[in-house]
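Note that the sequence shown covers residues 268 to 372 in our numbering. First the structure, in the form of C-alpha coordinates, and then the observations on it.
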Amino acid sequence: MAVGEDPERQAVCGHLDQVRAVEPSSADSCPACVAAGDSWVHLRMCQTCGNIGCCDSSDNKHATAHHQSTGHPLVRSYEPGEGWWWCYDDQLLFEVAGSFPPRPA
268 MAVGEDPERQ AVCGHLDQVR AVEPSSADSC PACVAAGDSW VHLRMCQTCG NIGCCDSSDN
328 KHATAHHQST GHPLVRSYEP GEGWWWCYDD QLLFEVAGSF PPRPA
(Lines of atoms letter the chains of each structure in order from A; the text may use other names.)
(Lines give C-alpha, C1' and ligand atoms only; values in the text may rest on other atoms or scores of the structure.)
Protein backbone atom coordinates (compact mmCIF):
# COMPACT_ATOMS: atom_id res chain seq x y z
CA MET A 268 0.00 0.00 0.00
CA ALA A 269 1.43 3.38 -0.98
CA VAL A 270 1.87 6.00 1.73
CA GLY A 271 -0.47 8.33 -0.19
CA GLU A 272 -3.47 6.01 0.17
CA ASP A 273 -4.18 7.35 3.67
CA PRO A 274 -6.58 10.31 3.21
CA GLU A 275 -5.25 12.12 6.29
CA ARG A 276 -1.72 12.07 4.88
CA GLN A 277 -2.86 13.01 1.37
CA ALA A 278 -3.69 16.53 2.61
CA VAL A 279 0.01 17.08 3.39
CA CYS A 280 1.15 16.76 -0.22
CA GLY A 281 -0.69 16.06 -3.44
CA HIS A 282 2.00 13.68 -4.67
CA LEU A 283 2.14 10.99 -1.99
CA ASP A 284 0.46 8.62 -4.44
CA GLN A 285 3.80 8.50 -6.27
CA VAL A 286 5.69 7.09 -3.28
CA ARG A 287 6.99 3.57 -3.89
CA ALA A 288 8.78 1.04 -1.73
CA VAL A 289 12.30 1.87 -2.90
CA GLU A 290 15.82 0.72 -2.24
CA PRO A 291 18.45 3.47 -2.10
CA SER A 292 20.83 3.61 -5.07
CA SER A 293 23.71 4.07 -2.61
CA ALA A 294 24.28 3.25 1.04
CA ASP A 295 26.08 6.46 2.01
CA SER A 296 27.12 8.63 -0.94
CA CYS A 297 25.95 10.58 -3.97
CA PRO A 298 26.91 8.23 -6.84
CA ALA A 299 27.04 11.09 -9.39
CA CYS A 300 29.42 13.06 -7.16
CA VAL A 301 31.58 9.99 -6.60
CA ALA A 302 31.74 9.38 -10.37
CA ALA A 303 32.79 13.02 -10.93
CA GLY A 304 35.31 12.99 -8.08
CA ASP A 305 33.32 15.64 -6.21
CA SER A 306 32.05 15.92 -2.64
CA TRP A 307 28.58 16.66 -1.28
CA VAL A 308 27.03 18.27 1.78
CA HIS A 309 23.87 16.24 2.48
CA LEU A 310 22.01 13.40 0.76
CA ARG A 311 18.40 13.07 -0.43
CA MET A 312 16.53 9.93 -1.55
CA CYS A 313 13.91 9.96 -4.30
CA GLN A 314 10.71 8.33 -3.06
CA THR A 315 9.68 7.20 -6.55
CA CYS A 316 12.82 5.31 -7.60
CA GLY A 317 15.36 5.36 -4.74
CA ASN A 318 17.91 7.59 -6.48
CA ILE A 319 20.36 9.12 -4.00
CA GLY A 320 21.47 12.65 -4.86
CA CYS A 321 23.19 15.52 -3.14
CA CYS A 322 21.29 18.49 -1.72
CA ASP A 323 21.04 22.04 -3.03
CA SER A 324 23.79 23.15 -0.63
CA SER A 325 26.14 20.88 -2.60
CA ASP A 326 27.77 22.27 -5.74
CA ASN A 327 26.17 19.74 -8.08
CA LYS A 328 22.60 19.67 -6.68
CA HIS A 329 22.06 16.14 -8.03
CA ALA A 330 18.77 15.54 -6.16
CA THR A 331 17.17 18.60 -7.79
CA ALA A 332 18.67 17.66 -11.16
CA HIS A 333 17.08 14.22 -10.78
CA HIS A 334 13.69 15.81 -10.10
CA GLN A 335 14.08 18.10 -13.13
CA SER A 336 15.01 15.23 -15.46
CA THR A 337 12.45 12.67 -14.21
CA GLY A 338 9.59 14.69 -12.73
CA HIS A 339 9.76 12.60 -9.55
CA PRO A 340 8.36 15.08 -6.99
CA LEU A 341 9.31 13.69 -3.57
CA VAL A 342 12.57 13.22 -1.71
CA ARG A 343 13.37 12.41 1.87
CA SER A 344 16.42 13.39 3.80
CA TYR A 345 18.92 10.54 3.60
CA GLU A 346 20.92 11.86 6.54
CA PRO A 347 21.14 9.57 9.59
CA GLY A 348 18.30 10.23 12.03
CA GLU A 349 16.41 12.71 9.79
CA GLY A 350 12.87 11.85 8.69
CA TRP A 351 11.62 14.93 6.84
CA TRP A 352 10.29 14.95 3.28
CA TRP A 353 10.39 17.61 0.51
CA CYS A 354 7.96 17.96 -2.38
CA TYR A 355 9.54 19.85 -5.28
CA ASP A 356 6.20 20.40 -7.03
CA ASP A 357 4.37 21.76 -3.96
CA GLN A 358 7.52 23.41 -2.49
CA LEU A 359 6.56 21.80 0.80
CA LEU A 360 8.69 20.49 3.68
CA PHE A 361 6.84 18.00 5.89
CA GLU A 362 6.99 14.82 7.94
CA VAL A 363 4.80 11.74 7.55
CA ALA A 364 3.45 10.32 10.81
CA GLY A 365 4.71 6.78 11.41
CA SER A 366 7.48 7.13 8.84
CA PHE A 367 10.92 6.47 10.26
CA PRO A 368 14.20 7.89 8.98
CA PRO A 369 15.59 5.76 6.14
CA ARG A 370 19.00 5.75 7.87
CA PRO A 371 18.92 5.45 11.68
CA ALA A 372 21.09 7.81 13.72
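Idealized CB from N, CA, C, for every residue including glycine.
For residue i, the nearest candidate out of the options (CA to CA)
i: Cys297; options: Asp323, Trp353, Phe367, Glu349; result: Asp323
i: Leu283; options: Asp357, Glu346, Val301, Ala302; result: Asp357
i: Gln314; options: Ala372, Ala364, Pro371, Tyr355; result: Tyr355
i: His309; options: Pro340, Gly317, Cys316, Asn327; result: Asn327
i: Ala332; options: Cys300, Tyr345, Pro369, Val363; result: Cys300
i: Pro371; options: Ser344, Gly317, Ser325, Val279; result: Ser344
i: Asp305; options: Ser325, Ala294, Glu346, Gly317; result: Ser325
Delimiting residues of the alpha helix (DSSP H) encompassing residue i
i: Val301; result: 298 to 303
Bridge-paired residues (DSSP) for residue i
i: Ser344; result: Arg311
Boundaries of the beta strand (DSSP E) in which residue i is found, first to last residue
i: Cys354; result: 352 to 354
i: Phe361; result: 359 to 361
Rounded Cβ spacing between residue i and residue j (contact assumed at less than 8 Å)
i: Gly338; j: His329; result: No, Gly338 and His329 are not in contact; Cβ-Cβ is about 16 Å, not under 8 Å.
- prompt: At which residue ranges does the region 308 to 340 contain complete alpha helix (DSSP H) runs of 4 or more residues, listed in the order of the chain?
  reply: Whole alpha helix (DSSP H) segments, 4+ residues: 329 to 337.
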